[in-house]
Amino acid sequence: PAGASAGPVVVLVGPPGSGKSTVAELLSAKLGAVHRDTDTDVETGAGKPISDIFVDSGEPVFRELERAAIVAALKADGVVLSLGGGAILDADTRADLAGHTVVFLDVSIGEAAKRVGLGVARPLLLGNVRTQLKNLMDARRPLYAEVAKHTVTTDGRSPEEIAREIVEHL
Ligand code: S3P
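Next comes the structure, spelled out in structure tokens:
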């Protein structure tokens, strides 16, 4: 049907540390597609890093910019699209993702904490990050699952392996 193949080839969702950006890069190379990332689009539009947007304007403003970036990116044909980890908190975004090929990159708290770049040398910080990731995952897992057509386990697997599995789903 007309329009059925419009928009991104695949949309990657998952929490921080699930490997969305790394896998999206590999996947876009494999598919000869452009990688588009809504965090990057928001930063480009705002002219500053996301961390500065949070500090200067607060999370609600970031979420509005993110929402607008998602609406625009979902119209881009043929791209590999990765979304920020909190994108699925928005009900309109979840509704817009219906009909797209959405892949949820699932990850354990321990592995995600490692990937966000904190070593075991800072047990206190690591503990806080793990607690935050756990709270975030408890709240969001049902939402990732709701929008996902496929869920790919990423623990103990290379980005290459993960990208190959995703290609099989397309
Ligand atoms: C967020 C995840 C970030 C970024 C922002 C908020 C979240 O993206 O969008 O800091 O709420 O989980 P990554 O998932 O790429 O880290």
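Under the UniProt record's numbering, the residue at position 170 of the sequence shown is numbered 253, and the numbers go up by one with no gaps.
Ideal placement from N, C-alpha and C gives every residue a C-beta, glycine not left out.
Note on geometry: alpha-carbon atoms of Asn211 and Arg198 lie some 15 Å from one another. Look at the region 161–215 and you find these whole runs of alpha helix (DSSP H), each 4 residues long or longer: 174–180 and 192–198. The three-state secondary structure of Val144, taken from DSSP, is helix. Pairing Ile171 with Arg119 gives a Cβ-Cβ distance that is not under 8 Å. Residue pairing for His252: DSSP places it in no beta bridge. For Leu164, the CB contacts under 6 Å within the same chain, skipping 5 residues up- and downstream, are Pro91, Val94, Arg119 and Ala156 in chain order. Looking at the DSSP output, Asp120 bridges to Ser165. Here Asp238 has Val190, Ser191 and Glu194 as same chain residues with Cβ atoms under 7 Å from its own Cβ, once five neighbours each way along the sequence are excluded.
Between the region 121–137 and the region 215–231 there are fewer than three C-beta pairs closer than 8 Å, too few to call the two in contact.
Residue burial annotation: Lys103 is buried, with at least 16 other C-beta atoms found within 10 angstroms of its C-beta.
Apart from sequence neighbours up to five positions away, the residues of its chain that approach Ala196 with a beta-carbon distance below 8 Å are Gly100, Leu209, Val212, Arg213 and Leu216, ordered along the chain.
Sequence-distant Cβ neighbours of Val154 in its own chain, meaning closer than 8 Å and more than five residues away, are Asp179. Assigned with DSSP and collapsed to three states, Thr234 falls in strand. Rounded to the nearest angstrom, the Cβ distance from Val162 to Val117 is 5 Å, consistent with a contact under 8 Å. When C-alpha distances from Asn218 are compared across Thr184, Gly169 and Ile133, the shortest belongs to Gly169. The alpha-carbon of Ile136 is positioned some 13 Å away from that of Thr123.
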